[in-house]
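J.: Please see the structure below; I have some questions.
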Amino acid sequence: MHKTSDFLIAGGGPAGATAAALLASRGERVTLVERSAIPEQKVCGEFLSHETLAYMKGLGLNAWRLGATPIRKLRLAGNHLIAETSLPFEAASLSRKTMDAALLRHALECGAHVIQGRQVERLDRDADGWRMHLSDGEQLRGSQAMLATGKHDLRGHARGEGMQPGLVAFKMHLKLSGEQTRQLNEAVEVVLFPGGYLGMQPTEDGNANLCLLIRGNTLRKIGGSWPAALEHLKASSRFLRERLWAAQECFSRPFALSHIPYGYIRPETPEGLWALGDQATVIPSFSGDGMAIALHSAHCAVACYASHHDAAEYNRQMRRCHQSQVVWSTRLSRMMVEAPQLASLLRYCPSLLQRLATSTRIAEDRLFTPSLKPRDVS
Amino acid sequence: MTTIAERCLSLIANQKALSVETLRPDQTLEELQFDSLDKVTLVFDIEEEFHLSISDAELAQLHTLGDIINGVTRKATEAA
């Protein structure tokens, strides 16, 4: 059975759902296919920057009403606390499960056709446009296609290797003690340990989200398991021992992901595919602003389409906008993994921490307003 | 001599403490209750056992145990 749309979107995370909502609002016929039947937890830092909050607001979504909890401070630690600073912008924490559900609901309300619980097997282009093959054999047809499958690649459209390969990512929500929760209060904590680093921040339900990146080699060396990874963290950092002792895990198992091409920027896309979010560029968690890039990519793609530009021009604009941000954030991430001792210098210049936090964001004048025009800051 | 298929099945069985005899090529990792962490660990084990690298795109196409065996056999043959 063939159904025809103006736009086929593979993936219903923040980038895909935002693009679907924006396109459907413009009257385009949009079909979005998301493999999860209901929004699930994802391996993600769950940090919403000022830019992400602004984009959500532009869509009519109030993160605070969805339960987001404010993040006002940034702490950097190794074995001990190295530095603490106030964040120079508004930020929040909101679980991906809640955020993805809200964005998908919004796409539906805007008129997009959303198919959940079915997997896209292939996305091919022929003389008549795009053909999306679903795992149950159904085929959908569309004039345009968007690839928004996040950190998972689709056959035939694989991303190359990023600038920082070889990391494994874990995510776990933790129930901390009352005292630990008070200490973490309204802060995102970045903790460096041999072979990787992690970010921890409060979640909207009073727990803490721990998202860690560790070198595959280090993980193998310490035994390869999640309990071994946790023991490694506690053995390497007194700060983490104090933060994590007696912490209870909220999921029976962590969510894990390997082979993530951190630092990847998609080169030219001559085939005319609109690659959004992590399919366009992958920025390391807690070093950059992946969520904002996801929402920005959707706005940029729809703005390009509305201005009669093609996917190749969109791709060029994305590269221009994010190249230096991705390179800089990946360098920062590599430094945290490979030379964590350099971070101790921040003890003597804590204001630099604030500048680092700002330097990895999308420039304000590149953000799109709800009318899909670049923001005017003059 | 142990074949690539036998070595793959042994790694899969060890991961979930299953008996190799119970595994069938048409079973999926999901049917065997593999979660994201099990998959990461299995990929590690396969890469180490066969001295090869599996990309995310390749991993995404390995649904059944038969797919895994065929994929690893192809990569191991290419590397030889």
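Quick note, the sequences are listed as chains A and B, same order. Start counting at 1 in the first sequence, then tack on 456, and there's your number in this note's numbering. Start counting at 1 in the second sequence, then tack on 334, and there's your number in this note's numbering. A virtual CB, placed ideally from N, CA and C, is assigned to each residue, including glycine. As the structure is a prediction and not an experimental result, all values here were calculated from the model.
Which parts of the stretch 621 to 697 of chain A are runs of the beta strand (DSSP E), unbroken and 3 residues or longer, counting only runs that do not cross its ends?
T.: 623 to 631, 643 to 649, 652 to 658 and 664 to 671
J.: Would you verify that the beta carbon of A:V793 is, or is not, closer than 9 Å to some beta carbon of chain B?
T.: no
J.: By how many angstroms is the C-alpha of B:E383 removed from the C-alpha of B:S370?
T.: 20 Å
J.: For A:V833, which residues in the same chain have their Cβ closer than 7 Å to its Cβ, ignoring the five residues on either side in sequence?
T.: The predicted position of A:V833 is uncertain, since its pLDDT is 48 and thus under 50; a value taken from the coordinates is nonetheless stated next. Result list for A:V833: E820 and D821, in chain order.
J.: Report yes or no: do three or more beta-carbon pairs, one from the stretch 645 to 655 of chain A and one from the stretch 782 to 796 of chain A, lie closer than 8 Å?
T.: Because the criterion of three Cβ pairs below 8 Å is met, the stretch 645 to 655 of chain A and the stretch 782 to 796 of chain A touch.
J.: Tell me which residues share the same chain as B:T407 and place their Cβ nearer than 8 Å to its Cβ, disregarding the 5 neighbours each side in the sequence.
T.: I338 and A339
J.: Please classify A:N771: is it buried, with 16 or more other beta-carbons within 10 angstroms of its beta-carbon, or exposed?
T.: buried
J.: Note down, in chain order, each residue of its chain lying with its Cβ closer than 6 Å to the Cβ of A:L675, except the 5 sequence neighbours on either side.
T.: V624
J.: Would you be able to state if there are at least three C-beta pairs under 8 Å between the stretch 718 to 730 of chain A and the stretch 591 to 605 of chain A?
T.: yes
J.: Compute the distance between the beta-carbons of A:A547 and A:H506, then report whether it is under 9 Å.
T.: yes
J.: Considering just the uninterrupted stretch of the alpha helix (DSSP H) at A:K553, what are its terminal residues?
T.: R552 to E565 is the span of the alpha helix (DSSP H), which, as asked, contains A:K553.
J.: Alpha carbon to alpha carbon, how far is A:L488 from A:M628? Give it in angstroms, no decimals.
T.: 28 Å
J.: Which of helix, strand or coil does DSSP assign to A:M588?
T.: strand
J.: Output yes or no for whether 9 Å exceeds the beta carbon distance between B:L363 and B:L396.
T.: Contact flag set, yes.
J.: From the DSSP output, which residues share a beta bridge with A:I721?
T.: In the DSSP output, where bridge partners are listed per residue, A:I721 has A:T737.
J.: Quick check: what's the CA-CA separation for B:G400 versus B:P359?
T.: 4 Å
J.: Could you give the distance in angstroms between the alpha-carbon of A:S591 and the alpha-carbon of A:A568?
T.: 21 Å
J.: Should A:H589 be flagged as near chain B, meaning a C-beta pair shorter than 9 Å?
T.: no
J.: Please confirm whether A:W682 has its beta-carbon closer than 9 Å to some beta-carbon of chain B.
T.: At a cut-off of 9 Å, the C-beta of A:W682 has a neighbouring C-beta in chain B.
J.: Compare the C-beta of B:Q361 against all C-beta atoms of chain A and say whether one is closer than 9 Å.
T.: no
J.: Are any of the Cβ atoms in chain B nearer than 9 Å to that of A:P710?
T.: yes
J.: Taking C-beta pairs closer than 8 Å, name the residues in chain B that A:G672 reaches, listed in chain order.
T.: F378
J.: In chain order, what residues of the same chain have a beta carbon less than 7 Å from the beta carbon of A:I587, not counting five sequence neighbours either side?
T.: What sits at residue 587 of chain A in the sequence shown is Arg, not Ile. If the five residues before and after A:R587 are omitted, its C-beta is found closer than 7 Å to the C-beta atoms of D580, Q595 and R597, all from its own chain and listed in chain order.
J.: Compute the Euclidean distance between the alpha carbons of A:G634 and A:Q773, then round it to the nearest angstrom.
T.: 47 Å
J.: Counting only Cβ-Cβ distances shorter than 8 Å, please list the residues of the stretch 694 to 720 of chain A near chain B, keeping chain order.
T.: The residues in question are R709, P710, F711, A712, L713, S714, H715, I716 and P717.
J.: The beta strand (DSSP E) that contains A:S542, what's its start and end?
T.: L537 to S542
J.: Using C-beta distances below 6 Å, list every residue in its chain close to B:T336, excluding the 5 sequence neighbours before and after it, in chain order.
T.: none
J.: Which chain A residues sit within Cβ distance under 7 Å of B:D369?
T.: Using a Cβ-Cβ cut-off of 7 Å, B:D369 is close to R709 of chain A, given in chain order.
J.: Identify the continuous alpha helix (DSSP H) that holds A:Q572 and give its terminal residues.
T.: It is not in any alpha helix (DSSP H) - A:Q572 instead sits in the beta strand (DSSP E) that spans H569 to Q572.
J.: So, using beta-carbon positions, are A:L522 and A:T474 closer together than 9 Å?
T.: no
J.: With a threshold of 9 Å between beta-carbons, can B:K409 be considered close to chain A, or not?
T.: no
J.: What residues are listed by DSSP as bridge partners for A:I465?
T.: A:L488 and A:M602
J.: Do the stretch 497 to 505 of chain A and the stretch 657 to 677 of chain A make contact, defined as three or more Cβ pairs closer than 8 Å?
T.: yes
J.: Would you mind sorting A:Q620 into buried or exposed? The rule is 16 or more other CB atoms within 10 Å of its CB.
T.: buried
J.: With distances taken from CA atoms, which of A:L808, A:Y804, A:H778 and A:A754 is nearest A:V826?
T.: For clarity, residue 826 of chain A is Pro in the given sequence; the question names Val instead. The option with the nearest alpha carbon to A:P826 is A:A754.
J.: Decide if the stretch 651 to 662 of chain A is in contact with the stretch 711 to 718 of chain A; the criterion is three or more beta carbon pairs, one per stretch, under 8 Å apart.
T.: no
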